[in-house]
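The structure appears right after this line, and notes come after that.
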Amino acid sequence: FSTVGNGILLAGGETMEIIFLTRDVSTNTTTRMGFHDANTITTPVDGFWININGTTLDGRTANNSTSSTTGTNYTVADETYYRAKVYLNSDATLATFELYNEAGTLLWSNTLSTNIPTAANRETGSAVISTNAGTVATTLLGLDYMSFYIDRDLTR
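Per the numbering used here, the very first residue in the sequence shown carries number 1; after that it's consecutive.
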């Protein structure tokens with residue numbers, strides 16, 4: 001599920017929240033949730049997002065294919081509800097990644113201040129993309145809720 005992949009030029013105040021159920025946390029499954037420009041199995045060129053590869057969740061940024069990954073990660077469990085939140089501070093210099101359990105307890109949080117794409121032609125979209133490199137059809141993710149908003153004045 002995504003907006004157009006090049007409709008949002010990050011400038012600060014962008015926030016996305018996702019409530020999801022893990023369904024297949026095998027090594028073949030990758031899920032990306034946040035602001036990025038990829039809507040297939042390919043790695044985003046630009047954006048900031050929570051990345052789940054198998055059971056390992058971390059935060060990532062990418063600016064023109066130069067990427068950064070958070071220094072810590074979290075191990076997600078299969079068949080478990082979580083709430084993820086990604087957001088940029090007001091001047092787009094710090095991306096924050098958070099993971100909560102179903103009860104609302106913060107399980108993991110980290111930040112990145114490098115490779116945040118804010119220049120012209122580095123646009124992103126709001127997306128939840130889940131793919132599986134295996135050969136057997138499987139349910140990858142249960143998406144319960146997703147929202148995004150921009151907390152700044154937008155001049156058109």
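Don't be surprised by glycine CBs; every beta carbon is placed ideally from N, CA and C.
Determine which residues share a DSSP beta bridge with Ile-52 and list them.
-> DSSP output for Ile-52 lists Thr-31 and Leu-57 as bridge partner(s).
Report, in whole angstroms, the separation of the C-beta atoms of Glu-102 and Lys-85, which I expect to be a contact under 8 angstroms.
-> Contact between Glu-102 and Lys-85 does not hold, since the beta-carbon distance rounds to 14 angstroms and is not under 8 angstroms.
Could you tell me the distance, in whole angstroms, from the CA atom of Ser-109 to the CA atom of Thr-43?
-> Rounded to whole angstroms, the gap between the alpha carbons of Ser-109 and Thr-43 is 22 angstroms.
Near Phe-148, what residues of its chain come up, given a Cβ to Cβ distance below 6 angstroms and the 5 sequence neighbours on each side ignored?
-> If we look at Phe-148 and ignore the five residues flanking it on each side, its Cβ neighbours are Met-16 and Ser-126.
Strand pairing of Leu-94, partner residues [DSSP] = The partner list for Leu-94 (beta bridge, DSSP) is empty, contrary to what the question assumes.
Looking at C-beta atoms only, is the number of pairs between the stretch 61-68 and the stretch 128-137 that lie closer than 8 angstroms three or more?
-> They do not touch, by the three-pair rule.
Nearest-angstrom Cα distance between Ile-19 and Thr-80?
-> Between Ile-19 and Thr-80, the C-alpha separation is close to 11 angstroms.
Pull up the distance between the alpha-carbon of Ile-52 and that of Asp-153, whole angstroms please.
-> Each residue's alpha carbon lies about 32 angstroms from the other.
Bridge partner(s) assigned by DSSP for Ile-19 = Bridge partners of Ile-19: Arg-83 and Tyr-145.
Option nearest Ala-137 by Cα separation, candidates Gly-12, Gly-13 and Asp-24 = Nearest C-alpha to Ala-137: Asp-24.
Under 9 angstroms, do Ala-77 and Thr-31 count as touching if we go by C-beta distance?
-> Ala-77 places its beta carbon 9 angstroms or farther from that of Thr-31.
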